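*Asks:*
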Amino acid sequence: MASSATTGPATHSRPSARGRSRLFADTAQHLGEGTRVVEAVDTLPRTVARRKPPRRRKILDRFGWYEPRPEGAWTTTRQGEALNLAISRRSVRHQGPITGLNLISQDVVITDPFELYGTDISNINVCMVGDIGKGKSSLIKTGSCWRQLIFGRQVVVMDKKRQGTEGEYSVFARVLGVQSVRFKTGGGGARLNLLDPAITTGGEHAGGLDGVTPAGQEALVLAVLADTIERPLTTSEKSAVGRALELVNQEAAAAGREPILEDLARRLIEPRDGDGDYFGDRWAQRSLEWGYEPGLALLRLVDRDLKGLVDAPTSPEVREALEHPFAHFDISALPTEGPALRVVMTVINTWLANLLAARSSISKQTILIVEEGWHVAEGSTGSVFRSNMKLSRGLGLSTVSAFHHPSDMSKDSPARALMQEAGIVFLFAQERYDDARETAEMYHLPAGSVEIIMGLGQGECLVKIGSADPILMEHVRSPEEIALTNTDEAVKGTRAA
Amino acid sequence: MSTDTTHESVQRTSILGGEIARRGLTGIAAPVLITWSTALVGGITAYFVIGGGTPAVAFVALLWLGVFAATFEFGDRSYAAAKLHSLRTWSRTRRGEHIFRHPLDPAYGQPGLDPGWEYPVPLGRTEPLDVVGTGLDEMFIVRTANPGEKPYCTVVLAVQGLAGGLRTDAAWASTSEKFGRFGASMAKATSLIRGIQILHRSIPADLTMHEDWVEHQVEALGDLRLSAPVASYGNLLDTIRPHTEEHRTYVVLKFPQSDAFEDAASRAAGGKNARFEGGIAQVVRDETMRAVSKLVSAGFGRVEVLGEQRTCAVIRAFIDPTHRLDRHQGARWSNCWPSYIGGENAAVISGRWHTRVGIMPPASIEPVELGPLWLAPLLTGVSPDPGDDETAPSPTIRTISVRMDFVRDKIARESASHDFTQDEAAQETQRRKGKIGDGSSEVMATASGRRRQDLKPGSGHHGVIYSMAIAVTGRDEDDLERACMRVSESADESAIKTIDWQSDDHDVALFATLPLGRGLAVTRYTK
Numbered sequence: 015m016a017s018s019a020t021t022g023p024a025t026h027s028r029p030s031a032r033g034r035s036r037l038f039a040d041t042a043q044h045l046g047e048g049t050r051v052v053e054a055v056d057t058l059p060r061t062v063a064r065r066k067p068p069r070r071r072k073i074l075d076r077f078g079w080y081e082p083r084p085e086g087a088w089t090t091t092r093q094g095e096a097l098n099l100a101i102s103r104r105s106v107r108h109q110g111p112i113t114g115l116n117l118i119s120q121d122v123v124i125t126d127p128f129e130l131y132g133t134d135i136s137n138i139n140v141c142m143v144g145d146i147g148k149g150k151s152s153l154i155k156t157g158s159c160w161r162q163l164i165f166g167r168q169v170v171v172m173d174k175k176r177q178g179t180e181g182e183y184s185v186f187a188r189v190l191g192v193q194s195v196r197f198k199t200g201g202g203g204a205r206l207n208l209l210d211p212a213i214t215t216g217g218e219h220a221g222g223l224d225g226v227t228p229a230g231q232e233a234l235v236l237a238v239l240a241d242t243i244e245r246p247l248t249t250s251e252k253s254a255v256g257r258a259l260e261l262v263n264q265e266a267a268a269a270g271r272e273p274i275l276e277d278l279a280r281r282l283i284e285p286r287d288g289d290g291d292y293f294g295d296r297w298a299q300r301s302l303e304w305g306y307e308p309g310l311a312l313l314r315l316v317d318r319d320l321k322g323l324v325d326a327p328t329s330p331e332v333r334e335a336l337e338h339p340f341a342h343f344d345i346s347a348l349p350t351e352g353p354a355l356r357v358v359m360t361v362i363n364t365w366l367a368n369l370l371a372a373r374s375s376i377s378k379q380t381i382l383i384v385e386e387g388w389h390v391a392e393g394s395t396g397s398v399f400r401s402n403m404k405l406s407r408g409l410g411l412s413t414v415s416a417f418h419h420p421s422d423m424s425k426d427s428p429a430r431a432l433m434q435e436a437g438i439v440f441l442f443a444q445e446r447y448d449d450a451r452e453t454a455e456m457y458h459l460p461a462g463s464v465e466i467i468m469g470l471g472q473g474e475c476l477v478k479i480g481s482a483d484p485i486l487m488e489h490v491r492s493p494e495e496i497a498l499t500n501t502d503e504a505v506k507g508t509r510a511a
Numbered sequence: 039m040s041t042d043t044t045h046e047s048v049q050r051t052s053i054l055g056g057e058i059a060r061r062g063l064t065g066i067a068a069p070v071l072i073t074w075s076t077a078l079v080g081g082i083t084a085y086f087v088i089g090g091g092t093p094a095v096a097f098v099a100l101l102w103l104g105v106f107a108a109t110f111e112f113g114d115r116s117y118a119a120a121k122l123h124s125l126r127t128w129s130r131t132r133r134g135e136h137i138f139r140h141p142l143d144p145a146y147g148q149p150g151l152d153p154g155w156e157y158p159v160p161l162g163r164t165e166p167l168d169v170v171g172t173g174l175d176e177m178f179i180v181r182t183a184n185p186g187e188k189p190y191c192t193v194v195l196a197v198q199g200l201a202g203g204l205r206t207d208a209a210w211a212s213t214s215e216k217f218g219r220f221g222a223s224m225a226k227a228t229s230l231i232r233g234i235q236i237l238h239r240s241i242p243a244d245l246t247m248h249e250d251w252v253e254h255q256v257e258a259l260g261d262l263r264l265s266a267p268v269a270s271y272g273n274l275l276d277t278i279r280p281h282t283e284e285h286r287t288y289v290v291l292k293f294p295q296s297d298a299f300e301d302a303a304s305r306a307a308g309g310k311n312a313r314f315e316g317g318i319a320q321v322v323r324d325e326t327m328r329a330v331s332k333l334v335s336a337g338f339g340r341v342e343v344l345g346e347q348r349t350c351a352v353i354r355a356f357i358d359p360t361h362r363l364d365r366h367q368g369a370r371w372s373n374c375w376p377s378y379i380g381g382e383n384a385a386v387i388s389g390r391w392h393t394r395v396g397i398m399p400p401a402s403i404e405p406v407e408l409g410p411l412w413l414a415p416l417l418t419g420v421s422p423d424p425g426d427d428e429t430a431p432s433p434t435i436r437t438i439s440v441r442m443d444f445v446r447d448k449i450a451r452e453s454a455s456h457d458f459t460q461d462e463a464a465q466e467t468q469r470r471k472g473k474i475g476d477g478s479s480e481v482m483a484t485a486s487g488r489r490r491q492d493l494k495p496g497s498g499h500h501g502v503i504y505s506m507a508i509a510v511t512g513r514d515e516d517d518l519e520r521a522c523m524r525v526s527e528s529a530d531e532s533a534i535k536t537i538d539w540q541s542d543d544h545d546v547a548l549f550a551t552l553p554l555g556r557g558l559a560v561t562r563y564t565k
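Residue numbers (this note's numbering), protein chains in the order written: chain B, 15 to 511; chain U, 39 to 565.
1) So, Thr511 (chain U) versus Trp391 (chain U), is the Cβ gap smaller than 7 Å?
2) Is the Cβ of Ala225 (chain U) closer than 7 Å to any Cβ of chain B?
3) What are the start and end residues of the alpha helix (DSSP H) that includes Ala336 (chain U)?
4) Considering only DSSP beta bridges, list what His361 (chain U) is partnered with.
5) Determine the closest residue to Ala196 (chain U) out of B:Arg104, B:Ala371, B:Pro339 and B:Thr61, with distance taken between C-alpha atoms.
6) Tell me whether the stretch 341-348 of chain B and the stretch 165-184 of chain B touch, counting them as touching only if at least three CB pairs, one residue from each stretch, are closer than 8 Å.
7) Mind listing the chain B neighbours of Tyr117 (chain U)? Cutoff is C-beta to C-beta under 7 Å, in chain order.
8) How many whole angstroms separate the CB atoms of Trp160 (chain B) and Leu498 (chain B), which I take to be in contact at a CB cut-off of 8 Å?
9) Using the C-alpha atoms, what's the distance from Lys332 (chain U) back to Glu452 (chain B)?
10) In the stretch 328-348 of chain B, which residues sit with their C-beta less than 9 Å from some C-beta in chain U, listed in chain order?
11) From U:Val105, U:Val70, U:Thr109 and U:Gly134, pick the residue whose C-alpha is nearest to that of Gly381 (chain U); which is it?
12) Should His254 (chain U) be labelled buried (16 or more other beta-carbon atoms within 10 Å of its own) or exposed?
13) Using the beta-carbon of each residue, which ones in chain B are nearer than 8 Å to Arg436 (chain U)?
14) Would you say the stretch 164-178 of chain U touches the stretch 90-97 of chain B, given that touching needs at least three Cβ pairs under 8 Å?
15) Along chain U, in chain order, which residues have C-beta atoms closer than 7 Å to that of His108 (chain B)?
16) Give the range of the alpha helix (DSSP H) segment to which Ile73 (chain B) is assigned.
17) Can you pull the chain U residues whose beta carbon is under 9 Å from the beta carbon of Leu97 (chain B), in chain order?
18) Residues in the stretch 321-352 of chain U with C-beta within 7 Å of chain B's C-beta atoms, listed in sequence order?
19) To the nearest angstrom, report how far apart Gln193 (chain B) and Ala187 (chain B) are at their CA atoms.
20) To the nearest angstrom, report how far apart Glu342 (chain U) and Ser479 (chain U) are at their CA atoms.
21) For Asp492 (chain U), which three-state DSSP category applies?
22) Could you spell out the range, first to last residue, of the beta strand (DSSP E) harbouring Gln465 (chain U)?
23) Check for me: the alpha helix (DSSP H) holding His123 (chain U) runs from which residue to which?
24) Suppose contacts are defined by Cβ-Cβ distances below 7 Å. Is Ala229 (chain B) in contact with Val398 (chain B) by that definition?
25) One question on the structure: do Arg279 (chain U) and Val420 (chain U) come within less than 7 Å of each other, judged by their Cβ atoms?
26) By DSSP, does Gly501 (chain U) sit in helix, in strand, or in coil?
27) So is Ser372 (chain U) in contact with chain B if we call contact Cβ pairs under 7 Å?
28) Tell me whether the stretch 270-289 of chain B and the stretch 333-342 of chain B touch, counting them as touching only if at least three CB pairs, one residue from each stretch, are closer than 8 Å.
29) What does Pro284 (chain U) touch in chain B if you count any residue whose Cβ is under 8 Å from its own?
30) What does a CB cutoff of less than 6 Å around Asp241 (chain B) pick up in its chain, not counting 5 residues either side in sequence?
31) Can you find a C-beta in chain B that's less than 7 Å from the C-beta of Glu57 (chain U)?
32) Express the C-alpha separation of Ser439 (chain U) and Ala550 (chain U) in angstroms, rounding to a whole number.
33) Provide the residue(s) that pair with Met5 (chain U) in DSSP beta bridges, ordered along the chain.
34) Can you check whether the CB of Ala266 (chain U) is closer than 7 Å to the CB of Val384 (chain B)?
35) Residues of chain U with a CB under 8 Å from the CB of Val189 (chain B): which are they?
Structural data, given as structure tokens:
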């Protein structure tokens, strides 16, 4: 048989019988494979002339002798609507970290807020909604944190969830060789000065973009006070606080030190002569009384609830944290009850927003992760947080937050507004019908979504990007990510990598 | 958009099933009828030639009995059809028609290994229309002139498809209706597009561009502190790659060279004092633009008319998944045909891929209401191959092709009325005889009645004759076997009960799943 390949005729119009048998030989032997085909092409003899296909006969061709001509069936253009095969659209996006797999089209899903901005979304904040244990945290840790780092984004985590003796993100910090910044009430932990000079009085910054003005010291102090006193401040109280804040800052600047919250509290309780001159002769004396109650409230905070947290100059490790692409603020030791947690989270957010505003002209992309979003959604400090979030575009700051049950929140709840305003929303499973229905209604999902939400497995979610129809996604993790996002160690007694 | 997220809303559905038996006066295939007629005439002639008597009667009786027994369809196919199929397979393999060698194949030109075909034999007389110098050089029109049907031209469009995501019933209803209107627009009397082919190709997703982007980003960052997330991302891509699929849709417009078409081409050519081919190109271009506009307004996203390189790259990638659909540089009609060898269970492509082709008979579609996503299990829901110790996991590579030939409303209406009358008559006959059938006649009557209803004057709808085919590709014989099993399961979920795999003919049937406008028998309504 082998000889037929080498001794056959130079040209022929019909293969010989000997040649025919070779045509049935092993296909791999005939066709070769891969690059060798290309390499071999010039060295092989060309001996068979090209020829036209055999002639077809009309009647035989018509009845499928030469090619299958399957009989069709009758229908109409109305019923033929079902024959549309173009029911899915391929994603042409290739920029941005991959989040998971579209379970309908098996296409990769990219949900990067910075890459989607402008074309698909106008708000770069991200929100996750779903029951506990459905995969929200895992998605945030990978899609919004770990994967983002290699694309030049800075990730700042406010780590509230405790895993053993530390925050859940501590394992990320260790792998990346980053020192976690831990906050503790009563001292012993890091401090972030509520009156840090990085937070300007009114939020304006010389190096920033016009119109990008985050909350300043004054707004922050007033919010903290409103939450502490548990009533809105009067105009005279606000005026007194504003004036005292200005004076404390001037004095500290003159002395070459950072102002602290206690300075402000004392100045309000014990104003000096001339502090009221700003309000004119008629009110100069009486205005000295206006700051009495806010001053006492601040003093109480400094001595009790916020002691060792925001009442002293900012710790060096807090400033150094931002020198690494991954900044880990471990606030898991802070009590959930009381103002400490919310105040610290809002101060970090405001401090960060001010830092970013000062450098907004260099367009650095930053992601702030606040897993337990409801802590920053309520109260006056929550308002400050939310107003900072509204500047996300100007600051290049995407805030990622997570919530559990929409039905726990009233229709006019600030938390609900925060959930609805996000440009990208991940909707994980809800076990309770009410929660699933609330979720579907809140995001105007198509009919049948309630059942879909209730039937989602772990790691599966509906993703709503801007105003587009939601897609069904499965979060996919690398082996390293699976190890990093294992949060069962406390339950199972094992330690993650 | 409705905020009603719990209650069922009305879904726009269609019914394709119901045509469970062959139409026509006798319900018998034309070749069988011809054979019977020939046998009848031959028998009578033989009777007289033999001179009558018992031997002549016995001979004729035996002849008729033999012909009937051989040609009657017991089950899927008759004895004669099976034998003819074997004969055809034998004859074409003897001539090497089941083999094609690409010039880059080591066996190319080697006696005994290469039958020497210039182009794959199943193409027949199919070649690009020469439009050079007509001013429409960018058009790539393929002309097929095989004797079994009227010569026709085809043009390939790449269609982005409907926007993804979970949609409301109202949104689906709207897009379904628009697709129906698109079909009706193509079918109207003045349209020169008399048929279309829609192809859905599913292949492993090409992550090259994403990987290039990531590589660029990481290099630009140059932060060695982030080596762990970089390595992790690489592993993520390796993890996700076997599960990712890419779905592409192409629409082929078919222009039969009818009198109206030729008149229009002559007018177009005469008006510009151009060649006849120039006139054809002009007519095809104008009609193509009309179709593109209709598709775009039906919500199909971006629709692109493919030129020679892109069309040929698509053909090449449809046959050989090693090639990417978008890598069209250098692809030409003369070099876009990969090597293949046809076999009983598959066609082996480039010595690597095993492709099996099947026809999905319309009769096997269940006569139930089909929502807009009825084919989703087959189009996008086929499970990937999980792989084993030696084989990596991989998505199921497949092509689904739907061919539709349009029939003008008036003719379709007459046919529907005729079929409906026949079906009603058959039912009436059964009733009179007191017979209780298996329900087939009721299903047929419902189908023809539905057609009659759809085609009522003023509805704007037209008739369609359609067929469906599928090609499945595996990395080896076992992989193909598993892939076909998964595809069959998905087809079953899609209300398609049977896939008629084209044993011995996979290499030929493969061409019905290429964008060439093939895969549907000509009828007297569509010839």
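For every residue, glycine included, the Cβ atom is placed at its ideal position computed from N, Cα and C. Every value quoted in this text rests on a predicted model; they were computed, and no experiment measured them.
*Replies:* Quick answer:
1) The residue given as residue 511 (chain U) occupies position 473 in the second sequence. The residue given as residue 391 (chain U) occupies position 353 in the second sequence. Less than 7 Å divides the Cβ of Thr511 (chain U) from the Cβ of Trp391 (chain U).
2) Mapped onto the second sequence, residue 225 (chain U) falls at position 187. Closer than 7 Å to some Cβ of chain B, the Cβ of Ala225 (chain U) qualifies, so yes.
3) For this step, residue 336 (chain U) is matched to residue 298 along the second sequence. No alpha helix (DSSP H) holds Ala336 (chain U); DSSP gives it neither H nor E.
4) For the purposes of this step, residue 361 (chain U) is taken as the residue at position 323 of the second sequence. Bridge pairing for His361 (chain U): absent [DSSP].
5) To locate residue 196 (chain U), count along the second sequence from 1; it is residue 158. Per the Cα distances, B:Arg104.
6) Yes, they touch.
7) In the second sequence, residue 117 (chain U) corresponds to position 79, counting from 1. What Tyr117 (chain U) touches in chain B: nothing, since even the nearest Cβ is about 17 Å away.
8) Looking up residue 160 (chain B) in the first sequence gives position 146. Looking up residue 498 (chain B) in the first sequence gives position 484. Here Trp160 (chain B) really is in contact with Leu498 (chain B); their C-beta atoms are around 7 Å apart, less than 8 Å.
9) If you number the first sequence from 1, residue 452 (chain B) lands on position 438. If you number the second sequence from 1, residue 332 (chain U) lands on position 294. In a straight line, the C-alpha of Glu452 (chain B) is about 39 Å away from that of Lys332 (chain U).
10) Result list: His338, Pro339 and Phe340.
11) Translated into positions along the second sequence, residue 381 (chain U) becomes position 343. That would be U:Gly134, whose Cα lies nearest to the Cα of Gly381 (chain U).
12) Numbered from 1 along the second sequence, position 216 holds the residue referred to as residue 254 (chain U). Exposed, by the Cβ-count rule.
13) Stepping through the second sequence from its first residue, residue 436 (chain U) is reached at position 398. Residues of chain B passing the Cβ test: none, with the nearest at roughly 12 Å.
14) No, the stretch 164-178 of chain U does not touch the stretch 90-97 of chain B.
15) Residue mapping note: residue 108 (chain B) aligns to position 94 of the first sequence, counting from 1. Those within 7 Å of His108 (chain B) in chain U are Met247, His248 and Trp251.
16) One-based indexing of the first sequence puts residue 73 (chain B) at position 59. First-last of the alpha helix (DSSP H) with Ile73 (chain B): Lys72 to Arg76.
17) As a first step, residue 97 (chain B) must be located in the first sequence, where it is residue number 83. Chain-order list of chain U residues neighbouring Leu97 (chain B): Ser52, Leu54, Phe217, Gly221, Ile236, Leu413, Val440, Met442, Val502, Tyr504 and Met506, by C-beta distance under 9 Å.
18) Of all residues in the stretch 321-352 of chain U, Phe338 and Gly339 have a Cβ within less than 7 Å of some Cβ in chain B.
19) Counted from its first residue, the first sequence places residue 193 (chain B) at position 179. Counted from its first residue, the first sequence places residue 187 (chain B) at position 173. Taking the straight line from one Cα to the other gives about 7 Å.
20) As a first step, residue 342 (chain U) must be located in the second sequence, where it is residue number 304. As a first step, residue 479 (chain U) must be located in the second sequence, where it is residue number 441. Their backbone Cα atoms lie some 44 Å apart in a straight line.
21) Position 454 of the second sequence, counted from the start, is the residue given in the question as residue 492 (chain U). Asp492 (chain U): helix per DSSP, three-state reduction.
22) Indexing the second sequence from 1 puts residue 465 (chain U) at position 427. In the DSSP annotation of this structure, Gln465 (chain U) is not part of any beta strand (DSSP E); the continuous alpha helix (DSSP H) holding it starts and ends at Asp447 to Arg470.
23) Numbered from 1 along the second sequence, position 85 holds the residue referred to as residue 123 (chain U). Where His123 (chain U) is concerned, the enclosing alpha helix (DSSP H) stretches over Tyr117 to Arg132.
24) Numbered from its first residue, the first sequence carries residue 229 (chain B) at position 215. Numbered from its first residue, the first sequence carries residue 398 (chain B) at position 384. Between Ala229 (chain B) and Val398 (chain B), the C-beta spacing is below 7 Å.
25) Numbered from 1 along the second sequence, position 241 holds the residue referred to as residue 279 (chain U). Numbered from 1 along the second sequence, position 382 holds the residue referred to as residue 420 (chain U). No. Outside cutoff.
26) Translated into positions along the second sequence, residue 501 (chain U) becomes position 463. Strand, per DSSP.
27) In the second sequence, counting from the first residue as 1, residue 372 (chain U) sits at position 334. Chain B, which has no Cβ nearer than 7 Å to the Cβ of Ser372 (chain U), makes this no.
28) Taking 8 Å as the limit for Cβ pairs, the verdict is that the stretch 333-342 of chain B does not touch the stretch 270-289 of chain B.
29) Numbered from 1 along the second sequence, position 246 holds the residue referred to as residue 284 (chain U). The question names Pro, but residue 284 (chain U) in the sequence shown is Glu. Correct list: Arg104 and Asp121.
30) Residue 241 (chain B) sits at position 227 when you count from the first residue of the first sequence. Cβ within range, chain order: Pro353, Gly393, Ser394 and Thr395.
31) As a position in the second sequence, residue 57 (chain U) is number 19, starting the count at 1. Taking 7 Å as the threshold, the shortest C-beta distance from Glu57 (chain U) to chain B falls below it.
32) Along the second sequence, one-based indexing puts residue 550 (chain U) at 512. Along the second sequence, one-based indexing puts residue 439 (chain U) at 401. Separation of Ala550 (chain U) and Ser439 (chain U) (C-alpha to C-alpha, rounded to the nearest whole angstrom) is 8 Å.
33) Absent from the model: residue 5 (chain U). The displayed extent of chain U is 39 to 565, so no value can be given.
34) Here residue 384 (chain B) refers to the residue found at position 370 of the first sequence. Here residue 266 (chain U) refers to the residue found at position 228 of the second sequence. Against a cut-off of 7 Å, the Cβ pair of Ala266 (chain U) and Val384 (chain B) comes out as no contact.
35) Stepping through the first sequence from its first residue, residue 189 (chain B) is reached at position 175. Per Cβ cutoff of 8 Å: Ala266.
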